[in-house]
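Trainee: Just dropping this structure here.
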Amino acid sequence: MKPLICNGWTIFFHPLFDAQWIDLVERVKQLKSKLEHQDFVTHPDVKLLKALDTGIKEKIPQDPFASYFVLNKPLQKYGRLKKMGLPNRYRLFFKAFKEKKVIIILWLGFPRKEGDKKDCYEVFSKKVLQGEFPESLESLLTQEWAEDDLTDESKE
């Protein structure tokens, strides 16, 4: 996905989330061609796509450092969107950088099941520890995917 600008924040998308988004959009496109309108608009995938779109474009950019986004230690430098239209057990993880007004959408986690080793917070913690989501903006933006997005953005 190309970077977005919402409420003064530039929003980038990590390849993990980008792949999840593309998969969800494809599923929704298939549903649109198969289902009646009423069944389509109430389908869980359609509702998830709408909730993610609203969360990314409206909710998070309002104030990505709001207390309801903050994670507990050791992940306090990251944020997550929960509820606000998302299904109960989904979490959208992101990293915001106040100085540069940049938000990077990292990953959509599911399921949320406390104590389970597949719990999205456990999986996210492992991804952070393994360096998939560096803490610094420079580290994230020097990754190949971000450089491509920055180059594409400057061409427009």
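If you're matching positions, the sequence shown starts at 56 in this note's numbering and goes up one per residue.
Idealized CB from N, CA, C, for every residue including glycine.
(1) Pull up the CB-CB distance for F67 and V157, whole angstroms please, since I reckon it's below 8 Å.
(2) May I have a chain-ordered list of the beta strand (DSSP E) segments no shorter than 3 residues that lie completely inside the segment 120-144?
(3) Ignore the nearest five residues each way along the sequence and tell me which others in F95's own chain have a CB closer than 7 Å to its CB.
(4) Please state whether DSSP places L107 in a helix, a strand or coil.
(5) Using only alpha-carbon positions, find the residue among K153, D118, F179, K155 that is nearest to R146.
(6) Please determine, among I77, P70, K138, R82, the residue with the shortest C-alpha to C-alpha distance to L195.
(7) Mind checking which residues open and close the alpha helix (DSSP H) that includes K181?
(8) Can you grab the Cα-Cα spacing for the pair C175 / E91, in whole Å?
(9) Keeping to the same chain, check which residues put their C-beta closer than 8 Å to that of E208; ignore five residues upstream and five downstream.
(10) Looking at the strands, I want to know which residues DSSP matches up with R146.
(11) For I111, which residues of its own chain have a beta-carbon under 7 Å away from its beta-carbon, when the five flanking residues on both sides are left out?
(12) Counting only the same chain and skipping the five closest in sequence on each side, list residues whose C-beta sits under 8 Å from that of G63.
(13) Using the C-alpha atoms, what's the distance from H98 back to L130?
Mentor: Let me spell this out:
(1) 7 Å between Cβ atoms; contact.
(2) With a minimum length of 3 residues, the continuous beta strand (DSSP E) runs that stay inside the segment 120-144 are 134-136.
(3) These residues qualify, in order along the chain: L86, K87, V101.
(4) Taken through DSSP and simplified to helix, strand or coil, L107 comes out as helix.
(5) Among K153, D118, F179, K155, the Cα nearest to that of R146 belongs to F179.
(6) The shortest C-alpha separation from L195 is found at P70.
(7) That run of the alpha helix (DSSP H) goes 175-184.
(8) Cα-Cα distance, rounded: 33 Å.
(9) With a pLDDT of 46 at E208, under the threshold of 50, the modelled position of this residue cannot be trusted; read the value that follows with caution. Same-chain partners within the cutoff: K57, P58.
(10) Residue pairing from DSSP places R146 in a beta bridge opposite G164.
(11) Contacts found: I66, I160.
(12) Annotation for G63: P116, K156 place their beta carbon closer than 8 Å to its own, counting only its chain and skipping 5 residues before and after.
(13) Looking at the two C-alpha atoms, the distance is approximately 33 Å.
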